[in-house]
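Report on one structure; see the data block that follows.
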Amino acid sequence: MVKELLKGNVAIAEAAVRAGCRAYFGYPITPQTELLEYLSSRMIALGRVFLQAESEVAAINMVYGAACTGARVMTSSSSPGFSLMQEGLSYIAASDLPCVVVDVMRGGPGLGNILPSQGDYFQVTRSAGHGDYHPIVLAPATVQEAIDMTVLAFDLADHYRHLVILALDGLIGQMMEPAELPEWQADPPTPDWAVTGAAHRAPNRITSMHLRADESEAYNQHIQRRLEHIRAAEQRSIEMYTDDAELLVIGFGSAGRIAASAVEMAREDGLNVGLFRPQTLYPFPSDRLAELAEQVGACLVVEMNAGQMLDDVRLAVSGRAPVEFFGRMGGAIPLPEEILDTIEMLCWSLHVVE
Amino acid sequence: MIPAAELERVYERPESLTALHTNYCPGCTHGVAHRLVAEALDELELREQTILVAPVGCAVFAYEYFNLDGCEAAHGRAPAMATGIKRLLPDRTVLTYQGDGDLASIGIAEIIHAAARGEPITTIFVNNAIYGMTGGQMAPTSLPNQRTTSSPSGRDVALTGQPLRVSEMLATLPGAAYIVRRSLHDPANIRKAKKAILTAIQVQQRGLGFSMVELLSTCPTNWGMTPAEALTWVKDHMLSIYPLGDYKVSDAARELSA
Amino acid sequence: MNNHNGNDRTEFVFSGFGGQGVMFVGQLLAYAAMDAGFNVTWIPSYGPEMRGGTAHCTTIVSRKPIGSPMSPRPHVAVVLNLPSFTRYEPLVREGGLLVVNSALVSLTSHRQDMRTLDIPATTIAENLGSVRAANMVLLGAALTAQPALPLAAAHSALEAHLPPQHRSLLALNHAALDAGAAVVLERL
């Protein structure tokens with residue numbers, strides 16, 4: 000394979016095709032629309048399913064139906080549209096169905112704007128719908144990572160029979176970077192739980208309903224056990240200069256890569272600063288962060304929101320080190336220089352305290 | 000004793016139904032509708048090729064009552080879910096079974112767009128002019144002046160509009176191949192309903208477009224009537240608002256129903 | 000304090016009316032940089048600098064991995080129309096380069112802390128066969144004055160990445176790149 004110059008949204012779409020996505024249902028919304036537009040011709044040319052739904056509500060329920068057939072299926076949207084999908088996401092999760100949902104986050108709340116944001120962190124990680132569950136949430140920071148995580152998303156979805164969300168912001172969706180597309184995956188066999196017509200077997204029934212409290216609680220325990228496995232096996236993160244870091248900067252997605260620039264600058268200035276970039280937002284990479292919190296003097300969380308991942312950082316750090324926050328909101332993109340200012344101030348105060 | 004040789008089986012449970020007892024109230028016509036769908040699938044030998052999408056409403060457990068592969072949609076979204084299934088499995092028969100709260104209220108967008116796309120699925124639309132499962136609230140299909148738990152003085156059309164006639168509306172869409180309204184209030188009409196369900200499924204099998212059979216039905220419990228009174232109420236009050244008939248039969252579908 | 004990202008990284012902004020090929024010229028530079036083994040990012044009009052009527056994009060070419068893909072203070076700004084000049088003339092980094100399509104921009108910069116190249120790109124392109132090649136004239140000039148990449152890399156990128164429906168314009172685009180470079184070389 001050779002590197003190509005690829006736009007994030009298009010790269011995710013092609014990666015999904017190669018990962019064996021058999022059906023895509025979606026609705027136009029900026030800044031993810033290139034993904035839908037790309038698949039509108041690509042899927043049809045391959046004899047696969049592409050359908051522009053009448054709404055995000057319909058799209059996610061078409062995905063729900065398609066996932067019931069055992070095929071690899073996907074939809075994509077952006078923040079307000081993702082909000083509309085919440086009910087369907089919860090049903091899908093509660094039916095043990097694999098599927099992949101891409102959320103290219105934009106400025107909010109409300110209609111907000113089409114600029115990059117990370118304001119959906121709570122929405123994607125805390126449950127993405129009603130009830131007790133969490134989707135698996137992957138957060139790419141580069142176009143290459145967006146590609147790799149798209150393939151991973153389908154694999155994890157199938158492996159755990161679980162909802163997987165690829166959460167990026169408009170910056171990564173719109174950006175072009177050199178990246179390598181994945182190999183084509185062979186179609187997995189149709190799973191034995193799929194609804195395909197009850198020929199020569201008992202009927203398969205897919206439902207998220209458990210009327211009796213004992214049945215429903217048992218089902219909830221089943222989900223929680225699965226999430227326990229996921230938390231144990233799937234925490235992912237990237238580190239830079241953490242060996243001797245006195246200050247640990249923590250950011251995901253675009254904020255993470257911009258924070259990386261600030262950390263490089265701080266290192267050039269002789270400051271002992273490291274970077275921790277969560278790649279999975281659920282499960283949050285708490286185990287590694289807790290270890291790092293033992294060895295650093297302070298943490299600085301950088302986000303393109305008012306401080307949402309901050310909650311998970313605080314839970315993981317659990318008082319081992321002070322946790323500070325720098326954020327930009329509503330589509331404003333942090334500059335490495337302004338993060339560096341905060342880094343310098345924090346490093347200075349660490350030494351004053353000493 | 001009648002000699003065994005003279006015994007003839009004249010009535011049995013269709014293979015497409017399970018032996019489960021339904022949770023429907025006495026006199027509710029959901030049971031009749033279920034049986035008609037099951038008989039049609041048996042006669043067309045489609046049981047093993049069919050996927051049923053159940054609604055939210057009294058028929059929420061339909062996927063348990065039918066001996067078919069099935070799934071349970073979110074409220075109103077059965078046509079979208081059925082679309083997802085049918086697009087992946089175009090050679091299977093895909094049915095939605097929906098009540099009037101599910102289809103005509105919260106799910107009106109999904110049913111209109113499924114019909115507009117000419118989605119080759121079949122919808123069984125059970126219209127009893129009320130929300131059953133939640134305990135008898137007003138539906139878009141409730142009749143003028145009909146008393147419900149959310150219109151205790153009777154539906155005031157000045158405030159809530161006139162009953163929504165879904166079959167008439169969907170019939171305007173080119174993608175709809177077969178849209179008819181039947182009633183379950185007496186045996187003659189039940190036989191006509193069965194014929195319509197058979198045709199609707201055949202329309203899907205031939206890939207002619209979207210097909211729907213609306214079935215006027217009873218809800219004795221929430222209407223506050225005996226089963227017999229409820230059947231009479233359908234005839235005396237619903238038929239005038241919801242006239243029976245064929246609202247859309249495409250030329251290709253007409254050959255089938257002939 | 001260090002001069003962060005010193006000579007490892009060059010940030011280009013291209014700005015002009017829709018239809019002037021602003022997005023494509025930024026992408027072409029990105030292709031050239033990628034093929035030459037650099038790290039590169041390209042982002043379209045997208046961010047706090049967004050404004051109506053004018054399209055712009057940012058291309059960053061770097062020896063090191065690129066963290067932030069944004070460029071609030073570009074090293075090189077290529078402006079094809081007056082609103083773009085007004086926007087980016089004050090933003091070019093000290094010691095940077097402003098390349099102005101002087102055929103459409105009547106103003107000139109009076110900043111002494113950067114270089115300004117006034118290139119009548121639209122006129123030059125028109126003489127070569129089409130005003131639409133003005134973007135390539137300006138890229139040729141920019142890469143000659145600030146050789147973040149050899150001009151040959153841009154020529155190769157044209158061969159490799161000009162979309163099939165525009166292949167008939169290949170010779171024109173090559174000529175435009177060279178014409179832009181020639182203007183700069185004449186003035187040295």
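Protein chains in written order, with numbering that gives the first Met the number 0: chain A, 0 to 353; chain B, 0 to 257; chain C, 0 to 187. Where is the CB? At the ideal position from N, CA and C, for every residue including glycine.
Compare the Cα-Cα distances from residue i to each of the options and report the closest residue.
i: Cys98/A; options: Leu170/A, Thr124/A, Met175/A and Ala65/A; result: Ala65/A
i: Gly206/B; options: Arg146/B, Arg12/B and Lys85/B; result: Lys85/B
i: Ala35/C; options: Arg62/C, Gly20/C and Phe13/C; result: Arg62/C
i: Cys70/B; options: Thr49/B, Pro89/B and Gln203/B; result: Thr49/B
i: Met211/B; options: Gly174/B, Arg146/B and Leu67/B; result: Gly174/B
i: Ala320/A; options: Glu263/A, Glu290/A, Gly306/A and Gly109/A; result: Glu290/A
i: Ser260/A; options: Ser348/A, Met239/A, Leu246/A and Met344/A; result: Met239/A
i: Ser89/A; options: Gly111/A, Val62/A, Val312/A and Leu110/A; result: Val62/A
i: Ile59/C; options: Gly139/C, Leu81/C and Ala29/C; result: Ala29/C
i: Gly25/A; options: Arg41/A, Ile59/A, His199/A and Ala10/A; result: Ile59/A
i: Val98/C; options: Phe11/C, His55/C, Asp117/C and Arg92/C; result: Asp117/C
i: Arg110/C; options: Thr85/C, Ala141/C, Ala120/C and Ser129/C; result: Thr85/C
i: Val55/B; options: Gly106/B, Leu35/B and Ala32/B; result: Gly106/B
i: Val24/C; options: Ala170/C, Ala180/C and Asn134/C; result: Asn134/C
Using a Cβ-Cβ cutoff of less than 8 Å, which residues in the same chain neighbour residue i once the five nearest sequence positions on both sides are dropped?
i: Thr82/B; result: Ala113, Arg116, Glu118 and Ile120
i: Ser215/A; result: His209
i: Val150/A; result: Ala14, Arg17, Ala18, Pro181 and Gln184
i: Leu103/C; result: Leu79, Asn80, Leu81 and Thr121
Taking only the alpha-carbon atoms, compute the straight-line gap between residue i and residue j and give it to the nearest angstrom.
i: Cys24/B; j: Ala44/A; result: 51 Å
i: Ile367/A; j: Gly196/A; result: Residue 367/A is absent from the structure shown; chain A starts at 0 and stops at 353.
i: Gly98/B; j: Thr279/A; result: 42 Å
i: Ala92/A; j: Ile240/B; result: 41 Å
i: Leu230/B; j: Met73/A; result: 46 Å
i: Val21/C; j: Ser44/C; result: 10 Å
i: Pro89/B; j: Ile178/B; result: 21 Å
i: Arg50/C; j: Glu227/A; result: Low per-residue confidence applies at Arg50/C: pLDDT is 48, beneath 50, and the placement is therefore not dependable, though the value from the model is reported in the following sentence. Answer to the nearest angstrom: the Cα atoms are 47 Å apart.
i: Glu55/A; j: Val16/A; result: 21 Å
i: Pro282/A; j: Arg125/A; result: 11 Å
i: Ala193/A; j: Ala152/A; result: 20 Å
i: Tyr87/C; j: Ala76/C; result: 7 Å
i: Glu48/C; j: Ala151/C; result: The predicted model places Glu48/C with a pLDDT of 46, which falls under 50 and marks its position as unreliable, so this point remains unresolved.
i: Leu127/C; j: Ser83/C; result: 24 Å
i: Met344/A; j: Ser285/A; result: 26 Å
i: Pro333/A; j: Leu90/C; result: 17 Å
i: Gly130/A; j: Ser75/A; result: 22 Å
i: Gly223/B; j: Thr28/B; result: 15 Å
i: Asn127/B; j: Glu11/B; result: 27 Å
i: Gly139/C; j: Glu10/C; result: 16 Å
i: Ala159/C; j: Pro149/C; result: 16 Å
i: Asn38/C; j: Gly252/A; result: 18 Å
List the residues that DSSP assigns as beta-bridge partners of residue i.
i: Asp168/A; result: Met104/A
i: Trp41/C; result: Met175/A and Thr58/C
i: Glu323/A; result: Leu299/A
i: Met42/A; result: Note: Met42/A sits in no beta bridge, so no partner.
i: Ile205/A; result: Cys70/B
i: Ser155/C; result: DSSP output for Ser155/C lists no bridge partner at all.
Which residues in the same chain as residue i place their Cβ atom closer than 6 Å to its Cβ, once the five residues preceding and following it in sequence are excluded?
i: Gly118/A; result: Gly107 and Asn304
i: Val48/A; result: Ala22
i: Leu255/B; result: Thr198 and Gln201
i: Gly7/A; result: Val142, Ala145, Ile171, Gly172 and Met174
i: Arg315/A; result: For the sequence presented, residue 315/A should be read as Ala rather than Arg. Within the same chain, Ala315/A has close Cβ partners Ser285, Leu288 and Ala289.
Excluding sequence positions up to five away, which residues of its chain have a Cβ less than 7 Å from the Cβ of residue i?
i: Gly46/C; result: Because the pLDDT at Gly46/C is just 42, under 50, the model does not fix this residue reliably, and the value given afterwards should be weighed accordingly. Around Gly46/C: Met69.
i: His173/C; result: His154 and Leu157
i: Pro30/A; result: Ser77, Val103, Arg105, Ile113, Gly169, Gly172 and Gln173
i: Leu19/B; result: Glu63 and Tyr64
i: Ala297/A; result: Leu246, Ala320, Pro321, Glu323, Leu345 and Leu349
- Residues of the segment 56-89 of chain C with a CB closer than 7 Å to any CB of chain A: list them in chain order, please. Gly66, Ser67, Pro68, Met69 and Pro71
- chain B contacts made by the segment 53-77 of chain A, where a contact means CB separation under 9 Å: Glu53, Ser54, Val56, Ala57, Ala58, Ile59, Asn60, Met61, Val62, Tyr63, Gly64, Ala65, Ala66, Cys67, Thr68, Gly69, Ala70 and Val72
- Report the residues of the segment 57-69 of chain B with a CB closer than 9 Å to any CB of chain A, ordered along the chain. Val59, Phe60, Tyr62, Glu63, Phe65, Asn66, Leu67, Asp68 and Gly69
- Members of the segment 81-93 of chain A near chain C, C-beta cut-off 7 Å: none
- Message: At a CB distance below 8 Å, what residues from the segment 153-181 of chain A approach chain C? Give them in sequence order.
- Response: Gly169, Leu170, Gln173, Met174, Met175, Glu176 and Pro177
- Task: With 7 Å as the C-beta to C-beta threshold (strictly closer), list the residues of the segment 202-215 of chain A near chain B in chain order.
- Result: Pro202, Asn203, Arg204, Ile205, Thr206, Ser207 and Met208
- Query: Going along the chain, which residues of the segment 34-52 of chain A sit with their C-beta nearer than 8 Å to a C-beta in chain B?
  - Reply: Val48, Leu50 and Ala52
- Check distances from the C-beta atoms of the segment 11-41 of chain C to those of chain A and list, in chain order, the residues that come in under 8 Å. Gln26, Ala29, Tyr30, Met33, Asn38, Val39, Thr40 and Trp41
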